[in-house]
Structure formats: structure tokens, C-alpha cells
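Residue numbers (our numbering): 874 to 1083.
For reference, the structure is listed below as C-alpha cells.
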Amino acid sequence: RGPENPNARGRWAVWQDQSSGNPQIYVQDLLTPGFAPIRLPASSRSQEKPRTDGRYVVWQSRQVNGGWDIWMADLLSGAQPWAMTSTVDVDETNPSVDWPWVVYESKPTLDAKAPKQLKAVNLVTGITQSVSESAQDKLDPDVQAGRVVWQDNRDVGSGEIYFKNLESGELRRLTTNAFGQYHPAIHGNWVVWQDNRNGQVDLYAFDFLR
874 RGPENPNARG
884 RWAVWQDQSS
894 GNPQIYVQDL
904 LTPGFAPIRL
914 PASSRSQEKP
924 RTDGRYVVWQ
934 SRQVNGGWDI
944 WMADLLSGAQ
954 PWAMTSTVDV
964 DETNPSVDWP
974 WVVYESKPTL
984 DAKAPKQLKA
994 VNLVTGITQS
1004 VSESAQDKLD
1014 PDVQAGRVVW
1024 QDNRDVGSGE
1034 IYFKNLESGE
1044 LRRLTTNAFG
1054 QYHPAIHGNW
1064 VVWQDNRNGQ
1074 VDLYAFDFLR
């Protein structure tokens, strides 16, 4: 079936699955006995990299023009998925959700040298804002309680972990190491990430309380 990119929060697990051809988004209610995985109705084109906050799920969806947009679904209401973004000249990919925030990577489709930037959408106000601008890539965002972490390539080395509070505007660099730091995740007081400063990939953590 080719399942990839699993993610879970609360009662829901989500992943992409190629059993019907192109990757599609599947979900499973982990608290309902006998609940079989179901495919979200979105498109026959590729649907990839789902993330959930325990109610909402977001993912990147391939469009007719070959670009990527962000789609979203409410797992509790059962309503049809809808397009969060719809742009013909910008690829929006790799989303993360924690209501009311969705954060994703954004890159012009016609400029191969343009860096990936991070955009944040407040689903209550409808306002989209830039998370942090620089001339280098910002990758793999994770959002929780209005706070975002990501891999940022603006410094010397293979990437550092940065933090932004979307409500207060606070911006912090959490790591200062020339080796690579990748794939951060945030929850509560903790940020964790992959780190190869010791010649292999280890897990490191940062505690905001300390």
C-alpha cells in the first residue's frame, strides 16, 4: 500500500497511502472500535504530507497545473475537504496545523533559486502573515499553541532550529551549532529535533522552562 508520513494527535491518525495509485490521505479514529481507515475525498492527483491537531487535518495537494496547494478537512464534522490556498504561481507545501493556526512552506514556482519561506494563516481572522523572512530556506515547520519551530538555513552550517511566537512576535534561535539540525517538533515546554553534531543522527531537546 505504500503508507508514508504518519502523524497522530488525540483520537486521530493520518497518513498518505498509494494503494489506489497516486498518494491519497487516509485517516483512522483510534478510539472507535472497529473503525476502519477511510480515504478523504479530495482528488485523484497526489495528496501528501498530512498533519493533524486532533480534529483538523492539513496536507499538500497536487493541482491541475502541476503546482501544490494546501487542503484541509474537519475530521469531526465529516464535511468535504476544502482548499486553504489556491495559487497558480506559488507552491504551498509541508503544512502543520494547531487550531487556529496553519503554517506551511511557500515558494514561487517559476524561480528555482527563490528560498522557501514560511507563511502562517489564522483561521479565525483569515489573516496570513510571514513567519520570518530571510534569503535562505526555512523548512519543516511545526506549530502548537501559536508557536512555530522550523529548520532555518540563514546561518553558517546545515541548518539551525528557530522559534517564533505568532501572537507576541518573539523570534529566537534555539541552536548554535555548525552541524545540521532538522525536523523540529514543539509541544508544551519542549522542542525536539534531529541533530548530527556527534557524527550521527541523535535526538536533542530544548526546555523553555530551563
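Just so you know, even glycine gets a beta-carbon here, dropped at the ideal spot from N, CA and C.
Opposing strand residues paired with residue i [DSSP bridges]
i: P968; result: BP columns for P968 are empty, so no partner.
i: A1058; result: V1065
i: D962; result: DSSP lists no partner for D962.
i: L1076; result: Q1067
Burial state of residue i (16 or more Cβ within 10 Å)
i: R924; result: buried
i: G1032; result: buried
i: K1011; result: buried
i: A985; result: exposed
i: N1038; result: exposed
i: P1057; result: buried
i: A1051; result: exposed
i: S969; result: buried
i: T1048; result: buried
i: V997; result: exposed
i: I911; result: exposed
i: W885; result: buried
i: I1133; result: With the chain covering 874 to 1083 only, the question about residue 1133 has no answer from this structure.
i: N1062; result: exposed
i: D965; result: According to the sequence displayed, residue 965 carries Glu and not Asp. Flag for E965 reads buried.
i: E1040; result: exposed
i: S1003; result: exposed
i: D1075; result: exposed
i: L948; result: buried
i: G907; result: exposed
i: R1020; result: buried
Three-state secondary structure assigned by DSSP to residue i
i: M957; result: coil
i: Q936; result: coil
i: L913; result: coil
i: N1038; result: strand
i: E877; result: strand
i: D947; result: strand
i: T925; result: strand
i: Q897; result: strand
i: R884; result: coil
i: L1047; result: coil
i: V1029; result: coil
i: V930; result: strand
i: Q889; result: strand
Which full runs of the alpha helix (DSSP H) of 4+ residues lie inside the segment 975-1025, going along the chain? Runs found: none.
Count the C-beta pairs between the segment 930-945 and the segment 958-972 that are closer than 8 angstroms, then say yes if the count reaches three, no if not. As far as the Cβ criterion goes, the segment 930-945 touches the segment 958-972, which means the pair count is three or higher.
For the segment 948-955 against the segment 974-989, do three or more pairs of beta-carbon atoms, one drawn from each stretch, fall closer than 8 angstroms, so that the two count as touching? With the cut-off at 8 angstroms, the segment 948-955 and the segment 974-989 do not touch.
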